[in-house]
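Engineer:
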Amino acid sequence: MRYTILTKGDSKSNALKHKMMNYMKDFRMIEDSENPEIVISVGGDGTLLQAFHQYSHMLSKVAFVGVHTGHLGFYADWLPHEVEKLIIEIIIQSFRSLNIHCLKLL
């Protein structure tokens, strides 16, 4: 599976990104920021919204998941201590997909 990970940019989120990437290499997952099948956002809801914006041209082709490293999150459901479980669920594709409508601001 092709993936990319976007972070909030803080040290906690960046460290978690590198941990996840090392774990994903063990499962032969491919980091591909140009054509990912799944985008993992590490930070909070703002980081997830940035991911939606960055990949808005392929929203119907990409799955998004958020790992919450901040104080409050409504859409970033996963916690840092759950990333191994998240990666396993991605690999075995035991997740369910929800369609969330996006607003377009002019």
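Numbering of the sequence shown is given in the numbering used here, commencing with residue 561 and proceeding in unit increments. Built from N, CA and C at the ideal position, the CB exists for glycine as well. This structure is a prediction, so every number in the text was calculated from the model and none was measured.
Examine the Cβ distances between the stretch 623-631 and the stretch 591-607 and report whether three or more of them are shorter than 8 Å.
Structural biologist: Taking 8 Å as the limit for Cβ pairs, the verdict is that the stretch 591-607 does touch the stretch 623-631.
Engineer: Helix, strand or coil for L639 per DSSP?
Structural biologist: For this step, residue 639 is matched to residue 79 along the sequence shown. Coil at L639, not helix or strand.
Engineer: Can you tell which of K645, H641, D637 and M561 has its C-alpha closest to the C-alpha of A575?
Structural biologist: Here the question's residue 575 lines up with position 15 in the sequence shown. When each option's Cα is compared against that of A575, the closest is H641.
Engineer: Bridge partners for T564 per DSSP, in chain order?
Structural biologist: One-based indexing of the sequence shown puts residue 564 at position 4. Per DSSP, V599.
Engineer: Whose C-beta lies closer than 6 Å to the C-beta of D570 among residues of the same chain, with five residues either side of it excluded?
Structural biologist: As a first step, residue 570 is located in the sequence shown; it is residue number 10 there, counting from the start. Closer than 6 Å at the Cβ level, and outside the excluded window around D570, lies no residue.
Engineer: Check each candidate in L639, T567, V643 and L619 and name the one with the smallest Cα separation from N595.
Structural biologist: Your numbering for residue 595 matches position 35 in the sequence shown. Out of L639, T567, V643 and L619, L619 has the C-alpha closest to the C-alpha of N595.
Engineer: What's the call for H628, buried or exposed, on a 16-neighbour Cβ count within 10 Å?
Structural biologist: Numbered from 1 along the sequence shown, position 68 holds the residue referred to as residue 628. Under this definition H628 is a buried residue.
Engineer: Which stretch, first to last residue, makes up the beta strand (DSSP E) that contains G626?
Structural biologist: Here the question's residue 626 lines up with position 66 in the sequence shown. Run containing G626: A623 to H628, per the beta strand (DSSP E) assignment.
Engineer: Taking the continuous alpha helix (DSSP H) assigned at H578, which residues delimit it?
Structural biologist: Here residue 578 corresponds to residue number 18 of the sequence shown, with the count starting at 1. Per DSSP, H578 belongs to the alpha helix (DSSP H) from S571 to D586.
Engineer: Please classify L632: is it buried, with 16 or more other beta-carbons within 10 angstroms of its beta-carbon, or exposed?
Structural biologist: Taking the sequence shown and counting its residues from 1, one reaches residue 632 at position 72. Result: exposed.
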